[in-house]
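Report on the following structure.
Numbering (our numbering), first residue to last: 29 to 173.
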């Protein structure tokens, strides 16, 4: 069972992000450290991902009137490839529906294996640049067509 609780240790969350993202930072010459990550993320909705009572990751969201921005989803490497990300993304859909937004948007490195997961769950690429896919999940597709 997945629970999303308000994160209390944002430093640990920043360190998890650094560990998980370091290969991408190196590939693209980005010089981030955990302090930079903490500064960039402390104003977001930071939710600790709890699996069967154990903290396994961090989810970061922000909202506008029409958009839920999935800013970050980091899962501890010991729990990756076990369906946790999918469960969290399904929870995000519920959170976004309750917030009455029209879209969930995210940015993901093109080389990230998470692209396949997002696509399987209904996210589509809206734009891209040399590094990123800018993806969107749209509610009520039939109503807007």
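Note that the Cβ used here is the ideal one computed from N, Cα and C, for glycine as well.
Buried or exposed (CB count within 10 angstroms, at least 16 for buried), residue 17: The requested residue 17 does not occur in the structure, where the chain is confined to residues 29 to 173.
Residue from 140, 87, 44 and 127 whose Cα sits closest to the Cα of residue 95: Comparing Cα-Cα distances from residue 95 to each of 140, 87, 44 and 127, the minimum goes to 127.
Through-space distance from residue 167 to residue 102, alpha-carbon basis: Distance between the alpha carbons of residue 102 and residue 167 is about 24 Å.
Own chain residues within Cβ distance below 8 Å of residue 151, not counting five before or after: 132, 134, 163, 164 and 165
Residue 85 to residue 124 span [Cα, whole Å]: 19 Å
Contacts around residue 75, its chain only, beta-carbon distance under 8 Å, and the 5 residues preceding and following it disregarded: Within the same chain, residue 75 has close Cβ partners 32, 33, 34, 35, 86, 87, 88 and 89.
Inter-residue Cα distance where the pair is residue 140 and residue 91: Each residue's alpha carbon lies about 24 Å from the other.
Secondary structure of residue 163, DSSP reduced to three states: strand
Alpha helix (DSSP H) runs contained entirely in the segment 42-104, provided each spans 4 or more residues: 62-69
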